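At the far end of the sequence shown sits residue 140, using our numbering, and the numbering has no gaps.
Inspection log for the structure reproduced underneath, given as structure tokens.
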Amino acid sequence: MKDLICDEFQNAVDQLLIRHYSILDILSKLSESHSRVNRAVTKSVTDCGCISIQAKKNEIPEDIESVQELKQYLDNHLRGEVCPHCEEVLVNELGKMLFYTAALCNSLDINLYDVFLQEYKQATTLGVFNMT
């Protein structure tokens, strides 16, 4: 079922993409969409304030014996929760990023679901050794 949704999305993108059909247009729109996601996160911090970033070096003891133990010392540096307005903006921008990712896959004759599946298999097979 999930592969069907992914395939249907990729087919819908193929049907809808008319104005920016060139590979160059798709690449520039994909890059722009990444920038807009970054901007939306930044605005959540600087304009809205629903989240904040408090970054510092993670203090990790040398005697860590497991990955689970290591995770206790890791911090994503985010504080707070994304408010409904900022979440709406972020979901919209992430959606555009997915749209142009699917468009790129279409142009290169790559199945988007196959990409997800390959990454999933690699992540689950390699586990913590998947240094991406």
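For every residue, glycine included, the Cβ atom is placed at its ideal position computed from N, Cα and C.
Since we're looking at a predicted model, the values are computed, not measured.
Assigned with DSSP and collapsed to three states, Leu25 falls in coil, not helix or strand.
In this structure, Glu89 keeps its C-beta atom at 9 Å or more from the C-beta atom of Cys56.
In the structure shown, the three-state DSSP call for Gly88 is strand. Straight-line spacing of the CA atoms in Ile61 and His85 works out to 5 Å. Phe107 is classed as buried because its beta carbon has at least 16 other beta carbons within 10 Å across all chains shown. Shown here, Ser30 sits in coil according to DSSP, grouped into three states, outside any helix or strand. Counting along the chain, the unbroken alpha helix (DSSP H) around Lys129 starts and ends at 120-134.
CA-CA distance, Leu82 to Ile72, rounds to 12 Å. Classified as buried, Val97 has 16 or more neighbouring CB atoms from the shown chains inside 10 Å of its CB.
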